[in-house]
């Protein structure tokens, strides 16, 4: 039994000795699509991410962000309509190439806390809602090594939040720095 425990410990150590972790902070621009585009304008936000490579090409991680959209139009005047999303997601990424420029593809799944406040264009009632909804996001990105453990991360994603009436969908482009741990 002790030998089995020792063997498992050795395998875990061997698997993690080549593992590498990264953190990143990114600025984000988010453009609504479909029905969401009718009410919300271009959104802006920020995101923090953590990646841990389990193999040389496959990584798991998580992210936490903040995105805010204002009204697409100013009707009625001074309506202060806005939508705020706080996405919390688990990510799986697959590195396509290991070099100075490293493209990758991935998928995120998680929850979005949404706050909707104001009178939407073409609506008559004031909304003030706080809700949590299931969300997912396929994404594609590229990491560019700068020097030492530092680099730049550029990510494009298509985000879908399962809201009750219509799905909230938007494209997002994130740019920021990354550092190895």
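In my numbering, the protein residues as written are 1 to 181.
Here a beta-carbon is modelled for each residue, glycine too, at the ideal position from N, C-alpha and C.
Own chain residues within Cβ distance below 6 Å of residue i, not counting five before or after
i, result
"residue 144", "101, 151 and 152"
"residue 107", "92 and 138"
"residue 132", "111 and 113"
"residue 155", "139, 141 and 174"
Nonlocal neighbours in the same chain, by C-beta distance under 7 Å from residue i, ignoring five residues either side
i, result
"residue 168", "36 and 161"
"residue 66", "45, 46 and 86"
Whether residue i touches residue j by CB criterion (7 Å)
i, j, result
"residue 84", "residue 115", "yes"
"residue 176", "residue 135", "no"
"residue 157", "residue 26", "no"
"residue 45", "residue 31", "no"
"residue 43", "residue 64", "no"
Reference residue i; option with closest CA among the options
i, options, result
"residue 58", "30, 103 and 34", "103"
"residue 71", "146, 50, 53 and 127", "127"
"residue 117", "68, 177, 136 and 34", "68"
"residue 53", "47, 46 and 62", "62"
DSSP state of residue i mapped onto helix, strand, coil
i, result
"residue 163", "coil"
"residue 180", "strand"
"residue 169", "strand"
"residue 57", "coil"
"residue 138", "strand"
"residue 143", "strand"
"residue 148", "coil"
Same chain only: Cβ atoms within 8 Å of residue i, ignoring 5 sequence neighbours per side
i, result
"residue 179", "22, 23, 24, 149, 150 and 151"
What are the start and end residues of each continuous alpha helix (DSSP H) run of 4 or more residues lying completely inside the segment 64 to 111, in chain order? As far as the segment 64 to 111 is concerned, it has no whole alpha helix (DSSP H) run of at least 4 residues.
Run through the segment 32 to 57 for me and flag every whole beta strand (DSSP E) of 3 or more residues, listed as ranges in chain order. List check, beta strand (DSSP E) in window: 43 to 53.
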